[in-house]
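Notes to accompany the following structure.
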Amino acid sequence: MAYLERYCGDNWQETIGIIVVNTGNNEKRAICGICAAGCWIIVTYDNDGKIQSVRADETSSLGAICKVGENSRDIVYSKDRLLYPMKRKGPKGTYEFERITWDEAYETIVKKLHQIKQESGPEATAIYTGSGSFEAAFCDLYQPEGVAVSSAASVLFPFGSPNTLGVGALCYVSFAMIAPHVTMGGMFINMFSDIENAKLIVIWGKNPAAHCPPHDFYRIEDAHRRGAQIVVIDPRKTVMAKYSNAEWVPIRPGTDGALALGLCNVIIEEELYDEEFVQRWTVGFDDFNRYVQHFRPEVVEGITGVPAETVRSLARRIATTSGVAPVMYSGLEYSDGAVQAIRATMILWALAGQLDVPGGFCFSMSQNKFPINREGLIPNPNTRKAAGYNNFPIYTKYRGEFHANILPEAVLKKKPYPIRLLISLGASIITSWPQSDIWRKTLEALDFFVCIDRQLTADAAYADIVLPATTYYEIQSYMVYGSIFKIREKVIEPIGEARSDFFILSELARLLGYGHLYPQTEEEILSRVLKGSGFTPDDVRTAGGTVQIPTVMMQYKKWEKGLLRADGQYGFETPSGKLEIASSILEEHGYDSLPIYTEPGESPLSQPRLAKQFPLVFNSGGPFKC
Ligand code: SF4
């Protein structure tokens, strides 16, 4: 039996039917175990009980599958899978390891942690988590207390170290946490683009056809079929830009903030903005109005390469179409002044009257989110002592962790103090961050480095200990899809001696003397996250593995109804209670309060001499290629 749902943005809005599907004896309905998107799939087993193939569960709208998922078998049974713990036997920078037991691995790690703590203090130890830590239980139960969303691990907090860091520093935190929160008091986990009801979809710096999961791609395809217009703002002509009637707006990389300000300029000049909203619900409009005078379409053309007439016509379309949905992420974040550029796009949507309206950029109904128990999370022992706190105070405020950009300085220059031991989980630091050579030197200079992963990575060449982790096919856990909670059932037994990332850390916590702070079994995970939800793990199993809380109807313009603030008052959950075009949080921390434009530090305009020598602009990004 499976639910047949309609998937609306980040919300499961309604269940529209239940159908019964028989799978053969050698098939199992499951959740894809490769990445944290949690697509619903059907696994076919071979005669040895191994995964033979994986296909989308066509009975569910989350049954989409990407190329990575389709090729799960090759990933799970890859000849490169790590099968047992290993320790370094050759020089750093080589992959010369020898097999050891889990006991020896843990004994070595714990001994080193204590030694370095004694010599340099607990802050000389740190943990970095990459996208391999995005699994639901890991994120929900290891995230620092008081943080809205994080995949950073708290496991060294009780040990005394404030230093947890991760890959979110590259993109997610600016787009999904800081920019929306300092502007609107909300975060992207509680928002969605209403593609289903949009008449115009603006795909800005994102290529949904190459994203995992490809849900947005399918949603946009459906919208396009029913007549929604598509505009793609991107330096590259992507798949979506080639759709019939789609408009491609090529832009010089890193100048999106200037375009957003130019669009605001036109909307204000031509009095196309929502004046009542501005008067009642915003702060900073007058200063912003003065600032965007500098961004006339002709000026914007010179900065962005987008013709002035295109700036004008696009602004008019965004302001006058009934329902304009933005599709963004993994584009604007990778530039100088990214937070302000993203803020500028959010302000554009608000001024244009496209915020929290049908077909626009919407806030989710908070009642429609399955409640995960947050009791028992561990607070950072001292965020002010986290390395880099003085460099990135807002980042640390929102994440309870330090910005990974600081790691090379801490390791190589011992500033603000030395970090000597690093545990890396599900990450590939050298290939994720710019200037890979600096990161190689950083990892090489560590006194002790532990890599936890499924395969040897570029980083692993510098590891002293390597620990084998499972894919999500090899664990029991859970997923949450809006109002729905689903148990992730184990599909196969762990390969070799691999262990789940979650329990690799909880065992470390146990050996350090505080294992009671984290679940030590898969059942404990389920019991803990379900506490207070009204369901027990057995309730969920009895219901077939999936339960859903009752949902309420979508309401729009929530600031007018007291639906955005924790105190139930009208307005936004910002210090002023209004949408802050001029952000008081940014100002308080010494940043520009307005969404000012910053020219990329290395560009033909900012560095004309360099541009003569190196005329081509390299643009990278796109975290997944499916
Ligand atoms: S996006 Fe692809 S890899 Fe990730 S869960 Fe879905 S099918 Fe699997």
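Each residue of the sequence shown is one higher than the last, beginning at 43 in the working numbering.
Ideal Cβ placement from N, Cα and C applies to all residues, glycine included.
Note that the structure is a prediction, hence the values are computed from the model and not measured.
### Task
Use the C-beta contact count for Asp-581: other C-beta atoms within 10 angstroms, 16 or more gives buried, fewer gives exposed.
Its Cβ having fewer than 16 others within 10 Å, Asp-581 is exposed.
### Query
Taking all protein chains shown into account, do 16 or more other C-beta atoms lie within 10 angstroms of the C-beta of Val-594, making it buried, or fewer, making it exposed?
With a threshold of 16 other beta carbon atoms within 10 Å, Val-594 falls short and is exposed.
### Message
Let me make sure I understand the geometry here. Which of Asp-501, Gly-574, Phe-490, Leu-559 has the alpha-carbon closest to that of Thr-167?
### Response
Here the closest residue by C-alpha is Phe-490.
### Message
Quick check: does the Cβ of Val-533 come within less than 7 angstroms of any heavy atom belonging to the ligand SF4?
### Response
No - the ligand SF4 has no heavy atom lying nearer than 7 angstroms to the Cβ of Val-533.
### Query
Is the beta carbon of Ala-80 within less than 7 angstroms of some heavy atom of the ligand SF4?
Strictly speaking, residue 80 in this sequence is Gly, with Ala absent from that position. Between the ligand SF4 and Gly-80, a heavy atom-to-CB distance of less than 7 angstroms is present.
#### Entry: Given His-156 as reference, the closest of Gly-202, Lys-134, Asp-116, Cys-181 once Cα atoms are compared
The closest CA to that of His-156, considering only Gly-202, Lys-134, Asp-116, Cys-181, is found on Gly-202.
### Task
Give every residue of the same chain whose Cβ lies closer than 7 angstroms to the Cβ of Asn-287, excluding the five residues on either side of it in the sequence, and list them in chain order.
Same-chain partners within the cutoff: Gln-271.
### Query
Going by C-alpha distance, which of Asn-415, Tyr-440, Pro-413 is nearest Thr-425?
Of the listed residues, the one whose Cα sits closest to Thr-425 is Tyr-440.
### Task
Kindly identify the DSSP beta-bridge partner or partners of Asp-122.
Note: Asp-122 is not bridge-paired with any residue in the DSSP secondary-structure output.
### Query
Leaving out the 5 sequence neighbours to the left and right, which residues in its chain are closer than 7 angstroms to Pro-657 when beta-carbon positions are compared?
Excluding the 5 residues flanking it on each side, Pro-657 has no same chain C-beta neighbour closer than 7 angstroms.
### Query
Exposed or buried, what is Thr-136 when buried is set at 16 or more other beta-carbons lying within 10 Å of its beta-carbon?
The residue in question, Thr-136, is exposed, as its Cβ has fewer than 16 Cβ neighbours within 10 Å.
### Task
Go through its chain and collect everything with a Cβ distance to Glu-375's Cβ below 6 angstroms, but skip five positions before and after it.
Excluding positions up to five away in sequence, the list reads Cys-213, Ser-216, Phe-217.
#### Entry: Range of the contiguous beta strand (DSSP E) that encloses Phe-206
The displayed chain sequence assigns Thr, not Phe, to residue 206. Note, Thr-206: beta strand (DSSP E), 206-208.
#### Entry: DSSP bridge partner residues for Leu-242 (one or two, in chain order)
The partner list for Leu-242 (beta bridge, DSSP) reads Gln-271, Val-366.
### Task
Give a yes or no on whether the C-beta atoms belonging to Gly-247 and Asp-316 are separated by under 8 angstroms.
Judged by their CB atoms, Gly-247 and Asp-316 are not nearer to each other than the 8 angstroms cut-off.
### Query
Between Leu-606 and Ser-408, what straight-line distance do the alpha-carbon atoms span, to the nearest angstrom?
A direct Cα-Cα distance of roughly 9 angstroms separates Leu-606 from Ser-408.
### Task
Please list, in chain order, all residues of the same chain as Pro-127 whose beta carbon is under 8 angstroms from its beta carbon, the five residues on each side excluded.
Excluding positions up to five away in sequence, the list reads Arg-141, Ile-142, Thr-143, Trp-144, Glu-146, Ala-147, Ile-507, Val-508, Leu-509, Pro-510, Glu-539.
### Query
Can you list, in chain order, the residues of its chain whose CB lies under 6 angstroms from that of Phe-527, leaving out five sequence neighbours each side?
Within the same chain, Phe-527 has close Cβ partners Phe-412, Val-589.
#### Entry: Counted within 10 angstroms of its Cβ, other Cβ atoms place Glu-564 as buried (16 or more) or exposed
It is buried - the Cβ of Glu-564 has at least 16 other Cβ atoms within 10 Å.
### Query
From Ser-120 to Gln-497, what does the alpha carbon distance come to, in whole angstroms?
Taking C-alpha positions only, Ser-120 is separated from Gln-497 by approximately 9 angstroms.
### Query
Just to confirm, does Gly-174 get its C-beta within under 7 angstroms of one of the non-hydrogen atoms of the ligand SF4?
Flag unset: Cβ of Gly-174 not near the ligand SF4.
### Task
Run the CB neighbour count on Pro-295, radius 10 Å, all protein chains shown included, and call it buried at 16 or more, exposed below.
Under this definition Pro-295 is a buried residue.
#### Entry: Straight-line Cα distance separating Val-320 from Asn-393
The sequence as given places Leu at residue 393; Asn does not occur at that position. Roughly 7 angstroms between the two C-alpha positions.
### Query
Is the segment 379-389 touching the segment 544-552, taking contact as three or more C-beta pairs under 8 angstroms?
No, because fewer than three Cβ pairs between the segment 379-389 and the segment 544-552 fall closer than 8 angstroms, the two stretches do not touch.
### Query
In terms of residue numbering, what span does the beta strand (DSSP E) encompassing Phe-234 cover?
Start and end: 233-235.
### Euclidean distance between Cα positions of Thr-591 and Arg-115
The sequence given here places Ile at residue 591; Thr does not occur at that position. About 34 angstroms.
#### Entry: For Lys-528, three-class secondary structure by DSSP
The DSSP-derived three-state label of Lys-528 is strand.
### Query
How would you write the range of the beta strand (DSSP E) that Val-589 sits in, first residue to last?
Here the beta strand (DSSP E) through Val-589 covers 588-590.
#### Entry: DSSP three-state assignment for Glu-187, whether helix, strand or coil
Coil at Glu-187, not helix or strand.
### Integer-rounded CB distance, given that Pro-368 should sit under 8 angstroms from Phe-330
Cβ atoms of Phe-330 and Pro-368 stay farther apart than 8 angstroms, at about 19 angstroms.
### Query
In this structure, what does DSSP give as the bridge partners for Val-85?
According to DSSP, residue pairing for Val-85 in a beta bridge involves Lys-70, Val-96.
### Query
When the Cα of Arg-338 is compared with those of Phe-327, Leu-303, Arg-482, Met-370, which residue comes out closest?
Checked all of Phe-327, Leu-303, Arg-482, Met-370; the closest Cα to Arg-338 is Leu-303.
### Task
Classify Lys-694 as helix, strand or coil using the three-state DSSP reduction.
Coverage of the chain is limited to positions 43 through 668, which leaves residue 694 absent and any answer about it impossible.
### Query
From Thr-473 to Trp-290, what distance separates their C-alpha atoms?
Going from the Cα of Thr-473 to the Cα of Trp-290 covers about 30 angstroms.
### Query
Below 8 angstroms between beta carbons: does that hold for His-257 and Ala-106?
In this structure, His-257 lies near Ala-106, with their beta-carbon atoms less than 8 angstroms apart.
### Query
Whose C-beta lies closer than 8 angstroms to the C-beta of Ala-502 among residues of the same chain, with five residues either side of it excluded?
Contacts found: Tyr-137, Cys-493, Asp-495, Val-508.
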